[in-house]
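Novice: Residue numbers (the UniProt record's numbering): 1 to 662.
Beta carbons: idealized from backbone N, C-alpha and C, even for Gly.
Since the model is a prediction, treat every value here as computed from it, not as a measurement.
Right, I'll just put the structure down here and ask away after.
Written out as structure tokens, the structure reads:
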């Protein structure tokens with residue numbers, strides 16, 4: 001077997017503007033399987049979606065200055081499981097992710113032109129997979145942006161990188177594998193060529209960035225460039241606020257009470273337990289629901305956990321992709337507060353809602369609450385009511401005659417990021433049609449009157465109901481049942497007589513079951529065990545395994561106190577393993593029950609494997625179901641007269657008669 005990864009160079013030069021990126025569609029076809037997903041990941045400079053049924057990999061490319069950075073990440077939700085670390089989150093980078101990132105980096109690094117000055121970050125997220133079906137070909141991503149690749153493409157060139165893992169195969173077979181790989185990648189290359197022809201752009205030209213225009217500098221010859229830029233920001237903020245207060249105009253042309261355009265979609269990926277995409281203007285979140293066993297929870301009262309991720313490409317930036325930061329934790333906690341009241345108190349699984357912010361321009365936390373509600377209903381969680389959230393902004397005009405007094409103000413529904421930045425309040429509220437489930441107000445001025453707070457709540461309530469109405473057109477109530485590929489939980493009864501065989505020594509059988517099928521077993525009470533299977537197929541395999549280890553060897557009815565012939569099958573330091581009948585699982589006869597004398601090893605009294613001995617049966621231990629046998633009791637001498645301590649008089653008479661005779 002030889003597995004070869006080959007990256008081919010495809011060299012084209014083209015460019016498309018940032019303004020056009022929000023309306024373009026990118027699609028790569030593998031045979032007859034294709035999916036157009038330009039509706040997601042709209043904020044990053046460029047992205048590619050590589051897709052086959054139930055297998056999705058998204059690549060993102062962001063340009064800034066100076067360095068190159070590749071981040072490849074796998075999410076637990078992509079395979080329908082919750083991470084098993086203490087925090088139940090994706091934390092550090094694994095070796096596999098690092099090696100894959102290096103594989104990608106080595107493939108694309110040689111192709112950057114000399115003098116290339118822009119930071120480039122490529123982030124690859126696995127969203128819904130059952131295995132990894134393609135690796136490292138980022139050429140379409142780079143070609144669709146305006147990077148000039150230096151070399152022409154030739155179908156017989158393997159310019160970039162070759163990596164292989166083989167089981168000591170012959171050289172001619174290895175060379176043949178490379179040729180076969182080169183031949184069959186032509187279909188992918190043709191798809192890249194077609195994509196380039198359809199979406200080609202002009203080559204980027206160098207330009208000065210982050211500098212003050214000369215037209216402005218000449219009017220302020222003595223001022224520092226930084227001071228000019230900061231002064232411009234102050235003036236721009238004042239103009240922005242005056243347009244709202246004085247002319248009642250928002251920067252995007254909406255009325256004060258108007259929501260941005262909202263689109264929703266559920267059941268995006270069939271392999272996930274639940275998924276939803278929520279788009280509100282330029283804010284977009286992808287929410288997924290993952291079911292796992294109750295033991296996988298981290299909190300004692302845990303029914304739901306919301307994990308929120310805010311990657312740098314959501315705001316068209318580059319940055320380190322690491323553990324949770326303060327923003328992710330805070331917004332995730334707010335979304336969890338919004339959703340938790342509608343979750344049923346009794347549910348057989350731990351629920352993990354993951355919110356991936358793909359694009360952010362205001363109120364991504366409330367979008368997470370909306371998307372999480374949709375994903376829960378798509379997963380079949382019987383929530384009591386759908387949840388929606390919205391952010392209300394505030395622009396105030398201070399009273400020049402009285403410090404701290406507000407002369408005029410305007411409340412803005414569904415604020416943009418710039419309205420949050422230049423405004424005086426970010427008032428987030430989430431809830432159902434019936435009431436409020438979460439609220440958070442970030443007030444940036446010394447204080448606001450209670451009247452403004454009441455008006456903000458009323459304005460948010462109206463917007464919330466409008467959002468719920470839009471969401472109900474996509475999915476109005478939870479699905480009647482969970483998806484077929486979801487996990488299963490069943491309880492089984494294991495009598496005490498079979499418990500030791502069921503668990504195995506040191507829990508060996510349960511560990512083996514987990515390693516082979518992914519099924520976990522936990523004890524509910526004395527005789528009841530709960531079985532959690534991540535997929536239905538695993539439950540079927542687990543039941544077969546349990547039935548096999550717990551089945552009765554033979555239907556023998558042993559009589560309490562009866563004597564049986566046992567065959568020694570194994571000598572141990574603690575005793576001997578014996579069988580009373582054919583096909584019986586051997587049981588331990590301890591050293592203390594082998595002989596009247598105290599022994600340290602069965603060989604001390606001459607016992608050997610295959611030897612037959614007589615043992616007495618005393619039933620089963622009520623605590624663990626183990627068979628109780630003894631050889632020692634059969635070696636006790638028979639007693640002709642049995643006396644008790646109550647017969648003191650008869651004992652005394654016997655002693656007196658003996659003395660007289662003497």
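Using a threshold of 9 Å, state whether the C-beta atoms of residue 413 and residue 406 are closer than that.
Specialist: Here the question's residue 413 lines up with position 413 in the chain shown. Here the question's residue 406 lines up with position 406 in the chain shown. Their beta carbons are not under 9 Å apart, which means residue 413 does not touch residue 406 by this criterion.
Novice: Name the residue from 180, 269, 429, 445 whose alpha carbon lies nearest to the alpha carbon of residue 459.
Specialist: The residue given as residue 459 occupies position 459 in the chain shown. For the residues 180, 269, 429, 445, the minimum Cα distance to residue 459 belongs to 429.
Novice: Which residues share a DSSP beta bridge with residue 590?
Specialist: As a position in the chain shown, residue 590 is number 590, starting the count at 1. Beta-bridge pairing links residue 590 to 575.
Novice: Which value, in whole angstroms, describes the spacing of the CA atoms of residue 248 and residue 256?
Specialist: Taking the chain shown and counting its residues from 1, one reaches residue 248 at position 248. Taking the chain shown and counting its residues from 1, one reaches residue 256 at position 256. Each residue's Cα considered, the two are about 8 Å apart.
Novice: What are the residues that DSSP puts in a beta bridge with residue 491?
Specialist: Taking the first residue of the chain shown as 1, we reach residue 491 at position 491. 530, per the DSSP bridge assignment.
Novice: Beta-carbon separation of residue 270 and residue 483 under 9 Å?
Specialist: In the chain shown, residue 270 corresponds to position 270, counting from 1. In the chain shown, residue 483 corresponds to position 483, counting from 1. Yes, the pair counts as a contact, with Cβ atoms nearer than the cut-off.
Novice: By a C-beta neighbour count over all protein chains shown, 10 Å radius and 16 as the cutoff for buried, is residue 591 buried or exposed?
Specialist: Mapped onto the chain shown, residue 591 falls at position 591. Counting Cβ neighbours within 10 Å, residue 591 comes out buried, since at least 16 surround it.
Novice: By alpha-carbon positions, which one of 477, 423, 495, 515 ends up nearest to residue 241?
Specialist: For the purposes of this step, residue 241 is identified with residue 241 of the chain shown, where counting begins at 1. Considering only alpha carbons, the answer is 423.
Novice: Helix, strand or coil: how does DSSP classify residue 363 here?
Specialist: Taking the chain shown and counting its residues from 1, the one referred to as residue 363 is at position 363. Residue 363 falls in the coil class under three-state DSSP.
Novice: Assess, as a yes-or-no matter, whether the segment 603-617 is touched by the segment 558-566 under the definition of 3 or more beta carbon pairs within less than 8 Å.
Specialist: Cβ pair count under 8 Å is three or more, so yes.
Novice: Please list, in chain order, all residues of the same chain as residue 279 whose beta carbon is under 6 Å from its beta carbon, the five residues on each side excluded.
Specialist: Taking the first residue of the chain shown as position 1, residue 279 is located at position 279. 263, listed in sequence order.
Novice: Distance, Cα to Cα, residue 332 vs residue 473?
Specialist: Sequence index remark: in the chain shown, residue 332 carries index 332 (1-based). Sequence index remark: in the chain shown, residue 473 carries index 473 (1-based). Those two C-alpha atoms are separated by around 26 Å.
Novice: Runs of 4 residues minimum, wholly inside the segment 449-514: which ones carry the alpha helix (DSSP H) assignment?
Specialist: Counting only runs of 4 or more, we get 450-472, 496-503.
Novice: What three-state label does DSSP hand residue 135 in the structure shown?
Specialist: Position 135 of the chain shown, counted from the first residue, corresponds to residue 135. Because residue 135 carries a pLDDT of 40, less than 50, the predicted location of this residue cannot be relied on, and the following value inherits that uncertainty. Three-state DSSP puts residue 135 in coil, outside helix and strand.
Novice: So which of 544, 581, 338 has the shortest CA-CA distance to residue 433?
Specialist: Counted from its first residue, the chain shown places residue 433 at position 433. The residue with the shortest Cα to Cα distance from residue 433 is 338.
Novice: Roughly how many angstroms separate the alpha carbons of residue 277 and residue 289, rounded to a whole number?
Specialist: Looking up residue 277 in the chain shown gives position 277. Looking up residue 289 in the chain shown gives position 289. When rounded, the distance between both Cα atoms is 12 Å.
Novice: Which residues in the same chain as residue 513 place their Cβ atom closer than 7 Å to its Cβ, once the five residues preceding and following it in sequence are excluded?
Specialist: On the chain shown, position 513 is the one that residue 513 refers to. Cβ within range, chain order: 519, 521, 542, 545.
Novice: Measure the alpha-carbon distance for residue 223 versus residue 217 and round it to whole angstroms.
Specialist: Residue mapping note: residue 223 aligns to position 223 of the chain shown, counting from 1. Residue mapping note: residue 217 aligns to position 217 of the chain shown, counting from 1. In a straight line, the C-alpha of residue 223 is about 8 Å away from that of residue 217.
Novice: Is residue 266 closer than 9 Å to residue 274 when the C-beta atoms are compared?
Specialist: Stepping through the chain shown from its first residue, residue 274 is reached at position 274. Stepping through the chain shown from its first residue, residue 266 is reached at position 266. It is a contact, given that the beta carbons lie within the stated cut-off.
Novice: Spatial neighbours of residue 599 within its chain, please: C-beta separation below 8 Å, excluding the five flanking residues on both sides.
Specialist: Here residue 599 corresponds to residue number 599 of the chain shown, with the count starting at 1. So the list reads 591, 605, once near-sequence residues are dropped.
Novice: Compute the Euclidean distance between the alpha carbons of residue 486 and residue 381, then round it to the nearest angstrom.
Specialist: For the purposes of this step, residue 486 is taken as the residue at position 486 of the chain shown. For the purposes of this step, residue 381 is taken as the residue at position 381 of the chain shown. Approximately 12 Å between the Cα atoms of the pair.
Novice: When the Cα of residue 579 is compared with those of 186, 245, 628, which residue comes out closest?
Specialist: For this step, residue 579 is matched to residue 579 along the chain shown. Selected option, being the one with the closest Cα: 628.
Novice: Whose C-alpha, out of 282, 516, 328, 377, is nearest the C-alpha of residue 481?
Specialist: For the purposes of this step, residue 481 is identified with residue 481 of the chain shown, where counting begins at 1. Of 282, 516, 328, 377, the residue nearest in Cα terms is 377.
Novice: Can you tell me where the beta strand (DSSP E) with residue 543 in it begins and where it stops?
Specialist: One-based indexing of the chain shown puts residue 543 at position 543. Per DSSP, residue 543 belongs to no beta strand (DSSP E); it is in the alpha helix (DSSP H), 536-550.
Novice: Take the Cβ of residue 532 as the centre, count every other Cβ of all protein chains shown within 10 Å, and call the residue buried at 16 or more, exposed below.
Specialist: Residue numbering aside, residue 532 sits at position 532 when the chain shown is read from its first letter. Label assigned to residue 532: buried.
Novice: Thinking C-alpha only, which one of 537, 527, 445, 603 is nearest residue 623?
Specialist: In the chain shown, counting from the first residue as 1, residue 623 sits at position 623. Closest by alpha carbon: 527.
Novice: I'd like to confirm the pairing. Which residues does DSSP put opposite residue 264 in its beta bridges?
Specialist: The count along the chain shown starts at 1 and reaches residue 264 at position 264. DSSP output for residue 264 lists 278 as bridge partner(s).
Novice: Buried or exposed: where does residue 647 fall if 16 or more other Cβ atoms within 10 Å of its Cβ makes it buried?
Specialist: Residue numbering aside, residue 647 sits at position 647 when the chain shown is read from its first letter. Residue placement at residue 647 cannot be trusted, given a pLDDT of 44 that sits under 50; the coordinates are not used to answer.
Novice: So what does DSSP say about residue 630, is it helix, strand or coil?
Specialist: Translated into the one-based positions of the chain shown, residue 630 becomes position 630. Residue 630 falls in the strand class under three-state DSSP.
Novice: Since residue 607 contacts residue 571 with CB under 8 Å, what's their CB separation in whole angstroms?
Specialist: As a working mapping, residue 607 is identified with position 607 in the chain shown. As a working mapping, residue 571 is identified with position 571 in the chain shown. Contact holds; Cβ gap of about 7 Å.
Novice: For residue 409, which residues does DSSP report across the bridge?
Specialist: One-based indexing of the chain shown puts residue 409 at position 409. 396, per the DSSP bridge assignment.
Novice: For residue 251, which of 557, 439, 417, 583 has the nearest alpha-carbon?
Specialist: The residue you call residue 251 lines up with position 251 of the chain shown. Cα-wise, what sits closest to residue 251 is 417.
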